[in-house]
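Going by full-length UniProt numbering, the first residue of the sequence shown is number 1, and it counts up by one from there. Read through the structure below, which is laid out as structure tokens, and then see the notes.
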Amino acid sequence: MELTWEEQLEQQRQARRSEIIETARTLFLKMDLNGVSMKDIAANSGISRVTLYKYFKSIDEVAFEVQMQVLGSLFDYMASVDDSTLDGLVRMRNHLDAWIDFYQKHTNYFCFVGLFDHYYRERYPSEDLQNRYRNFFKKGRNIRRDMIESGIQQGLIRPEVDAKDAAVTFTNIFLGLCVRLASREDILKAEQSVDPAGQLKLTRDILMQYLKK
Numbered sequence: 001m002e003l004t005w006e007e008q009l010e011q012q013r014q015a016r017r018s019e020i021i022e023t024a025r026t027l028f029l030k031m032d033l034n035g036v037s038m039k040d041i042a043a044n045s046g047i048s049r050v051t052l053y054k055y056f057k058s059i060d061e062v063a064f065e066v067q068m069q070v071l072g073s074l075f076d077y078m079a080s081v082d083d084s085t086l087d088g089l090v091r092m093r094n095h096l097d098a099w100i101d102f103y104q105k106h107t108n109y110f111c112f113v114g115l116f117d118h119y120y121r122e123r124y125p126s127e128d129l130q131n132r133y134r135n136f137f138k139k140g141r142n143i144r145r146d147m148i149e150s151g152i153q154q155g156l157i158r159p160e161v162d163a164k165d166a167a168v169t170f171t172n173i174f175l176g177l178c179v180r181l182a183s184r185e186d187i188l189k190a191e192q193s194v195d196p197a198g199q200l201k202l203t204r205d206i207l208m209q210y211l212k213k
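Okay, structure coming up:
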């Protein structure tokens, strides 16, 4: 069935929006968040600033959208390999394996996460963006919490493990390590002579050992 005119228009709008976000991510990685303006994004996207402002109200809104797209891609990738019929412990290992695989395929995504965390290290620019981001990020943590709770109920994960605290801690450990490895990969290889993927796998094994009953 052919798309209606309104559907075609919305499809084009979403395609352009995705192009703007991708252009912005490239510019942010090249020039840092405080070095990019709406004018830069418009020029590199091949559109006018008037058109850009129809999609995003501010440079902060663009940055948050890039961050949520980057992390959303990670969450979607991990969700794609999840099998709810498996036990919680196996699901968690598969989950972390998928995270490692995603890191190897999209290392520069985590460079942006590092820039974002540093730029907005003290506060968020508006309550609206703060609420949108926190609600978005909560979804990823909830998946890990559910896996841990399932493992506890199945008798495979230690009952004294606090599922919520563990899910948050696992997220911070893995995301923090990915950001550091991505941001200083070549330097760390030279200084430490340890493969980044190997460090992630070792961290996975430590976390899994912590969970096991």
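Cβ coordinates follow ideal geometry from the N, Cα and C atoms, glycine included.
With C-beta atoms as the reference, is Y53 less than 7 angstroms away from R17?
-> Going by beta carbons, Y53 and R17 fall outside the 7 angstroms limit.
DSSP-derived helix/strand/coil call for K212 = Strand at K212.
Around the C-beta of V36, are 16 or more other C-beta atoms found within 10 angstroms, so that it is buried, or is it exposed?
-> Its Cβ being crowded by 16 or more others within 10 Å, V36 is buried.
Whose CA, out of M92, L71, D60, lies closest to the CA of Y103?
-> Out of M92, L71, D60, L71 has the C-alpha closest to the C-alpha of Y103.
Taking the alpha-carbon positions, what's the S183 to D97 distance?
-> Each residue's alpha carbon lies about 21 angstroms from the other.
Terminal residues of the continuous alpha helix (DSSP H) containing Q154?
-> It is not in any alpha helix (DSSP H) - Q154 carries neither H nor E in the DSSP assignment.
Between Y133 and F64, what straight-line distance do the alpha-carbon atoms span, to the nearest angstrom?
-> Their Cα atoms are separated by approximately 7 angstroms.
Excluding five sequence neighbours on each side, which residues of the same chain lie with their C-beta closer than 8 angstroms to the C-beta of D40?
-> L27, M31, listed in sequence order.
Can you grab the Cα-Cα spacing for the pair V81 / P196, in whole Å?
-> Straight through space, the alpha carbons of P196 and V81 are spaced by roughly 22 angstroms.
What's the C-alpha gap between K212 and N142?
-> Distance between the alpha carbons of K212 and N142 is about 20 angstroms.
Roughly how many angstroms lie between the CA atoms of R121 and L3, to the nearest whole one?
-> A straight-line Cα-Cα distance of about 44 angstroms links R121 and L3.
Cβ-based burial, A167 [other Cβ within 10 Å; buried from 16] = Looking at its Cβ environment, which holds 16 or more other Cβ atoms inside 10 Å, A167 is buried.
Have a look at L181 and K164 and give me their C-alpha separation to the nearest angstrom.
-> Approximately 26 angstroms, taken between the alpha carbons.
Does the Cβ of S150 have 16 or more other Cβ atoms within 10 Å, making it buried, or fewer, making it exposed?
-> Label assigned to S150: buried.
Going by other Cβ atoms of all chains shown within 10 Å of its Cβ, with 16 needed for buried, is R95 buried or exposed?
-> First, the amino acid is wrong: residue 95 is His here, not Arg. The residue in question, H95, is buried, as its Cβ has 16 or more Cβ neighbours within 10 Å.
What are the start and end residues of the alpha helix (DSSP H) that includes S80?
-> Annotation: the continuous alpha helix (DSSP H) that includes S80 extends over 59 to 80.
Which of helix, strand or coil does DSSP assign to I170?
-> Per the sequence shown, the amino acid found at residue 170 is Phe instead of Ile. In this structure, F170 counts as helix in the three-state DSSP scheme.
How would you label T23, buried or exposed, when you count the other beta carbons within 10 angstroms and need 16 or more for buried?
-> By the Cβ-count criterion, T23 is buried, with 16 or more other Cβ atoms from all chains shown falling within 10 Å of its own Cβ.
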